[in-house]
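To start, the structure under review is shown below, and the notes come after it.
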Amino acid sequence: MTKIDLLIYNAAQVATCAGPSGPKRGEAMADVGLIEDGAVAVADGQIVAVGPTAELRADYIAEQRIDAAGKVVCPGFVEPHTHVVFAGDRVNEFELRVKGTSYQEIMAAGGGIVSTTTAVRQASVEQLVAETRPRLNAMLALGTTTAEIKTGYGLDTASEIKLLRAIEALAGQHTIDIVPTFLGAHAIPPEYQGRADAYTDRVIDEMLPAAAAWYQASIFAARHIPLFNDVFCEQNAFNLDQSRRVLAAGLALGLPVKIHADEFTALGGVSLAVELGAVSVDHLDVTTPAERAVLAASETVGVVLPAVNFNLGSLHFADARALIDDGAALALSTDINPGSAPCPSLPLVMAIACRYQQLLPAEALNAITRNAAYAIGRGDVVGSLEPGQQADLLIVNAPDYRHLAYQFGGNLVETVIKKGRVVQV
Ligand code: NIG
Ligand code: FE
Numbered sequence: 194m195t196k197i198d199l200l201i202y203n204a205a206q207v208a209t210c211a212g213p214s215g216p217k218r219g220e221a222m223a224d225v226g227l228i229e230d231g232a233v234a235v236a237d238g239q240i241v242a243v244g245p246t247a248e249l250r251a252d253y254i255a256e257q258r259i260d261a262a263g264k265v266v267c268p269g270f271v272e273p274h275t276h277v278v279f280a281g282d283r284v285n286e287f288e289l290r291v292k293g294t295s296y297q298e299i300m301a302a303g304g305g306i307v308s309t310t311t312a313v314r315q316a317s318v319e320q321l322v323a324e325t326r327p328r329l330n331a332m333l334a335l336g337t338t339t340a341e342i343k344t345g346y347g348l349d350t351a352s353e354i355k356l357l358r359a360i361e362a363l364a365g366q367h368t369i370d371i372v373p374t375f376l377g378a379h380a381i382p383p384e385y386q387g388r389a390d391a392y393t394d395r396v397i398d399e400m401l402p403a404a405a406a407w408y409q410a411s412i413f414a415a416r417h418i419p420l421f422n423d424v425f426c427e428q429n430a431f432n433l434d435q436s437r438r439v440l441a442a443g444l445a446l447g448l449p450v451k452i453h454a455d456e457f458t459a460l461g462g463v464s465l466a467v468e469l470g471a472v473s474v475d476h477l478d479v480t481t482p483a484e485r486a487v488l489a490a491s492e493t494v495g496v497v498l499p500a501v502n503f504n505l506g507s508l509h510f511a512d513a514r515a516l517i518d519d520g521a522a523l524a525l526s527t528d529i530n531p532g533s534a535p536c537p538s539l540p541l542v543m544a545i546a547c548r549y550q551q552l553l554p555a556e557a558l559n560a561i562t563r564n565a566a567y568a569i570g571r572g573d574v575v576g577s578l579e580p581g582q583q584a585d586l587l588i589v590n591a592p593d594y595r596h597l598a599y600q601f602g603g604n605l606v607e608t609v610i611k612k613g614r615v616v617q618v
């Protein structure tokens, strides 16, 4: 008998999301690695074994035991795309959209991302942290144990560094593991209106070097977590050439690539992402079949964000079904942000993806665990229940994992375990 810290046993199902190295693709997406009457053994914050309850009870003696009878155990959810650090809200714009003004019309009129920028420029690091913490708490209670967070509402050097400092402060104090992304090229700030090339130069010459220097002394470098560099490649934001210049400049500073592509307009962002070896390409609402094939043949993970379409009242969704069928590595995310998706819930995203994008519940679960972890470079640490992975896991109050997508509007996550410890949420 080996001594361990924690044994979770008797689970109706353990959904391991295990598999050979790398994200799941194609038919493997429909396999969540189910173990009926399963158990998970944890020591020193890591998973040491996963298997049938009878076997693990015979092999391990645990300090703490949790009986998960009638429940599902699955990996903690991984959120690969957020803009969760911001000040204020955009509830007025929400009402304008209800009355018929589109998201792009609001953006073109100087609202949208730029209105949040005004609020962020006036906020202190402390205020940003205080406003964001409850949102992270809500995400944690809904099962998110790792999250990427982007800057992008500062749009000048000092304000973007302020956002990085807020992200770092949260990483130092919050239970959720945080992966940072620099998104200086999120929108053209008002003082550069009509001068996108000049702002692109500013991002390249001043903001990226400042972000890269900041990173070297940050908690993230110490934790061996990279700082990603992202661009909103879109009409009225950054065109393909500007996006390429920003991403190449980041690569030269050691910042790996992410990209927002094909949300409203197909500009060729997928091919650019693949060419630059991006870890992920996100949105993909209007991606062409040819670009889908390019993505499928690459290592880049495609992240789709159906809470955005839902929130914007659109019935046009990314063709996530075709992405899986073509062999792309697919992940799902909320995109939590004050404009296009004020939504902390990955289970709600599963529910939308199953209903409007024809994903099976198993595909949706792999997309918010294993594949989402690969979309932020963390697939060898989190996203699946396998020996050696960090012990981030959930006990779900349902006898079958499909309830995570079948029920919606509530919260089935009963217990969150982070690095082997039960978290009070
Ligand atoms: O991912 N698309 C660009 N950025 C965000 C929206 C941010 C906002 O509206 O504040 C997104 O949807
Ligand atoms: Fe985004």
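In our numbering, the protein residues as written are 194 to 618. Each residue gets a CB set at the ideal place from its N, CA and C atoms; glycine is no exception. These figures come from a predicted structure and were not determined experimentally.
- Task: For GLN617, name the three-state secondary structure that DSSP assigns.
- Result: coil
- Item | Per DSSP, cross-strand counterpart(s) of VAL372 | GLU341
- Query: To which residues does DSSP link ARG258 through a beta bridge?
  - Reply: LEU200
- Query: If you check the beta carbons only, do PRO535 and LEU597 fall under 8 Å apart?
  - Reply: no
- Query: Leaving out five residues before and five after GLN320 in sequence, what residues of the same chain have Cβ atoms less than 8 Å from its Cβ?
  - Reply: ALA280
- Query: Thinking just about the alpha-carbon of each residue, which of ALA521, THR368 and ASP349 is nearest to the one in ARG395?
  - Reply: ASP349
- Task: Could you tell me the boundaries of the alpha helix (DSSP H) in which ASN604 lies?
- Result: No alpha helix (DSSP H) holds ASN604; DSSP gives it neither H nor E.
- Message: Cutting at 7 Å between CB atoms, please list the residues of its own chain near PHE425, excluding the five before and the five after it.
- Response: ALA378, HIS379, ALA380, PHE431 and HIS453
- Among PHE503, PRO245 and MET194, the one whose alpha carbon lies nearest that of ALA204: PRO245
- Task: With a 10 Å radius around its C-beta and 16 neighbouring C-beta atoms as the bar for buried, classify GLY293 as buried or exposed.
- Result: exposed
- Message: At a cut-off of 7 Å, would you count PRO419 as near the ligand NIG, judging by its Cβ distance to the nearest heavy atom?
- Response: no
- Query: According to DSSP, what are the bridge partners of THR195?
  - Reply: TYR253
- My guess is that ALA584 and GLY238 are in contact by the Cβ rule of under 8 Å, so how many angstroms apart are they, rounded? 6 Å
- Message: Using C-beta distances below 6 Å, list every residue in its chain close to TYR549, excluding the 5 sequence neighbours before and after it, in chain order.
- Response: PHE510
- Within the same chain, show all residues whose beta-carbon is closer than 6 Å to that of SER491, passing over the 5 residues directly before and after it, in chain order. VAL467
- Task: With DSSP as the reference, label ILE397 as helix, strand or coil.
- Result: helix
- Message: the ligand FE and ASP198: does any heavy atom of the ligand fall closer than 7 Å to the residue's C-beta?
- Response: no
- Selection from ILE418, VAL501, GLY263 and ALA236 that minimises the alpha carbon distance to ILE569: ILE418
- the ligand FE site residues, beta-carbon cut 6 Å against heavy atoms: HIS274, HIS276, HIS453 and ASP528
- Segment contact flag, the segment 205-213 with the segment 254-267, C-beta cutoff 8 Å, min 3 pairs: yes
- Query: Anyone know if the C-beta pair for VAL618 and ALA334 falls short of 8 Å?
  - Reply: yes
- Task: May I ask you to check if the CB of PRO531 is nearer than 7 Å to at least one heavy atom of the ligand NIG?
- Result: yes
- Is it the case that the CB of GLY305 approaches a heavy atom of the ligand NIG more closely than 7 Å? yes
- Would the C-beta of ALA534 count as close to the ligand NIG, meaning under 7 Å from any of its heavy atoms? yes
- Message: Can you find the residues in the same chain that come closer than 7 Å, C-beta to C-beta, to ASP519, ignoring five residues on each side of it along the sequence?
- Response: ARG485, ALA486 and ALA489
- Message: On the criterion of 16 or more Cβ atoms from any shown chain inside 10 Å, does ASN247 qualify as buried, or is it exposed?
- Response: According to the sequence provided, residue 247 is Ala. The question's Asn does not apply to it. Exposed.
- Query: Which partner residues does VAL266 have in the DSSP bridge list?
  - Reply: VAL207 and ILE588
- Query: Among residues of its own chain, excluding the 5 on either side of VAL235, which ones have a beta-carbon nearer than 7 Å to its beta-carbon?
  - Reply: ILE197, ASP198, LEU199, VAL241, ALA584 and GLY613
- So which of ILE306, VAL291, VAL277 and LYS355 has the shortest CA-CA distance to PRO327? VAL277
- What do you reckon, are the CB atoms on ILE517 and LEU525 nearer than 8 Å? no
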